[in-house]
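A quick write-up on the structure given underneath.
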Amino acid sequence: MAVAIRLKREGAKNSPFYKIVVADQRHKRDGRFIEILGTYDPKQEGENYKLDLDRAEYWVGVGARPSQTVGSIINKARKQTQPA
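Each number in the numbering used here comes from the position in the sequence shown (counting from 1) with 6 added on.
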């Protein structure tokens, strides 16, 4: 089974809000998913995401492929948790 970490769109028209989910690649963008890893709000200023980095690292470790946007969110979260 090919697994992807991607965004699931929610929210009203012209007010998007996304959940970061792990899903089978064959399912629709807003369809069935395996696990919710966090949220992403593109309209919010500053830190506009919440992510369970441990679970994201687990899924990437077992072969899940993050989308381009989710990949950048994971990289931001990694940088934020590293000690200075």
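C-beta: ideal position from N, C-alpha, C; glycine also. Computed from a predicted structure; not experimentally measured.
Short Cβ contact (8 angstroms threshold) for residue i with residue j
i	j	result
V28	E41	yes
I79	Y55	yes
A10	R71	yes
Distance between residue j and residue i (C-alpha atoms, nearest Å)
i	j	result
D36	K14	5 angstroms
Y46	L59	14 angstroms
T76	R12	According to the sequence shown, residue 76 is Val rather than Thr. So the two alpha carbons sit approximately 6 angstroms from each other.
M7	Q31	8 angstroms
Q86	F23	22 angstroms
N81	E53	13 angstroms
Residue environment, residue i, which counts as buried when at least 16 other CB atoms sit within 10 Å
i	result
G1	For the chain, the structure presents residues 7 to 90; residue 1 sits outside this window and is missing.
P48	exposed
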